[in-house]
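Mapping of the sequence shown onto the numbering used here: residues 1062 to 1179, in sequence order.
All C-beta atoms, glycine included, are put in the ideal place defined by N, C-alpha and C.
Being a predicted model, the structure only gives us computed values, none of them experimental.
Structure, as structure tokens:
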Amino acid sequence: MYGIKNCDTIKKARRYLESQQIDFQFHDYRADGLERELLQGFIDKLGYPALLNTRGTTWRKLPEEQRNAIDNADADAARELMLAQPAIIKRPLLCDASGSMLLGFSEETYQQFMQEKS
């Protein structure tokens, strides 16, 4: 699981996994860092628009010019922004050993994701 440890949604997702006795590793973008290659893998799999949290405070605080550049399909600008400010990445991002990824959290989607893996 990837995210930021003080995020409320991350806390909910972690509690859910723990309550289901599902082993997982947590990677905190702030504490553990975010490598360009890892982020590019996420972008290749999910696309940068899916990864950008455009509802959060970090996005709203960006200058309008920067938001417009990304809105106009500037993948490089989006990647650089996510590297510089990982709090702008939607979370949690759950990955399994096969490379499947699930972005966001709800108990229903996590249950379905886990059932597909068993």
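Proximity to Ala1136 [Cα-Cα], best of Asp1105, Gly1117 and Cys1156: Asp1105
Using a threshold of 7 Å, state whether the C-beta atoms of Ile1131 and Ala1138 are closer than that. yes
Out of Ala1074, Tyr1077 and Cys1156, point me to the one whose CA is closest to Leu1099's CA. Cys1156
Between Tyr1171 and chain D, is any beta-carbon pair separated by less than 7 Å? Absent from the structure: chain D. Only one protein chain is present.
Quick check on Arg1121: buried or exposed, where buried means 16 or more other Cβ atoms within 10 Å of its Cβ? exposed
Secondary structure, beta strand (DSSP E): runs of 3+ residues fully inside the segment 1134–1172: 1154–1156 and 1162–1164
Spatial distance of Phe1178 from Tyr1077 (CA atoms): The sequence given here places Lys at residue 1178; Phe does not occur at that position. Lys1178 and Tyr1077: Cα-Cα distance of roughly 16 Å.
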